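In the numbering used here, the protein residues as written are 1028 to 1143. Written out below as structure tokens is the structure these notes cover.
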Amino acid sequence: MTIEVLKSKIHRVKITQAELHYVGSITIDEDLMDAADLVENEKVQIVNINNGERLETYVIKGERGSGQICLNGPAARKAQVGDIVIIISYCSVEKEKAKAHTPVVIFPDEKNRLTS
């Protein structure tokens, strides 16, 4: 049996941009993607701390080192620039392996930059 577990989490980043008239997705600074073990087109859940909204979409690479977190398309209606969100990805693993699984969780600073 497989179960879904937390794979990656970017904890508390600030929305820097919202582009309603875009195809759809979330654009994430490539440095944050790498640190959180996210890949382009991976499905993610977005949880908005400010308004309680939750949505699912997929990841697009943003400019490395930019701190960019941009909700695109219909998702842009679920947050405002400045809102704080958590970005979560999950994976399916065998139940026994899940007991030893360690997710990747990162805590960027207030400018969406990696801290040492």
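Think of the CB as a built atom: it goes at the ideal place given N, C-alpha and C, for glycine as much as any other residue. Since the structure is predicted, the reported quantities are computational estimates derived from the model, not experimental observations.
Same chain, Cβ closer than 6 Å to residue i, five either side skipped, listed in chain order
i	result
Ala-1063	Ser-1035, Ile-1037, Val-1131, Ile-1133
Arg-1142	Note on identity: in this sequence residue 1142 is Thr, with Arg being the wrong assignment. So the list reads Asp-1136, once near-sequence residues are dropped.
Gly-1051	Asn-1099, Gly-1100
Met-1028	Lys-1122
Lys-1105	Glu-1080, Leu-1082
Nearest-angstrom Cβ-Cβ length linking residue i and residue j, presumed shorter than 8 Å
i	j	result
Asp-1061	Gly-1089	With a Cβ gap of about 12 Å, Asp-1061 and Gly-1089 do not count as contacting.
Thr-1043	Val-1120	Going by Cβ atoms, the distance from Thr-1043 to Val-1120 rounds to 33 Å, so no, they are not a contact pair.
Residues bridged to residue i (per DSSP)
i	result
Thr-1084	Val-1071
Ser-1035	Ser-1116, Val-1131
Glu-1121	Thr-1029
Ala-1051	Here residue 1051 is Gly; the residue named in the question, Ala, does not match the sequence. Paired residues: none, contrary to the question.
Asp-1110	Asp-1110 is not bridged to any residue.
Asp-1056	Gly-1089
Other residues of its chain near residue i: CB distance less than 7 Å, five sequence neighbours each side excluded
i	result
Lys-1138	Gly-1094
Glu-1123	none
Asn-1077	Asp-1110, Ile-1111
Asp-1058	Arg-1091, Gly-1092, Leu-1141
Glu-1067	Val-1086, Ile-1087, Lys-1088
Residues near residue i in its chain [Cβ-Cβ closer than 8 Å; skip 5 each side]
i	result
Ile-1053	Val-1071, Ile-1073, Thr-1084, Tyr-1085, Val-1086, Ile-1087, Ile-1096, Cys-1097, Leu-1098, Asn-1099, Ala-1102, Ile-1114
Ala-1125	Ile-1030, Val-1032
Three CB pairs or more closer than 8 Å across the stretch 1040 to 1058 and the stretch 1115 to 1125: By the Cβ criterion, the stretch 1040 to 1058 is not in contact with the stretch 1115 to 1125, since fewer than three pairs of Cβ atoms, one from each stretch, lie closer than 8 Å.
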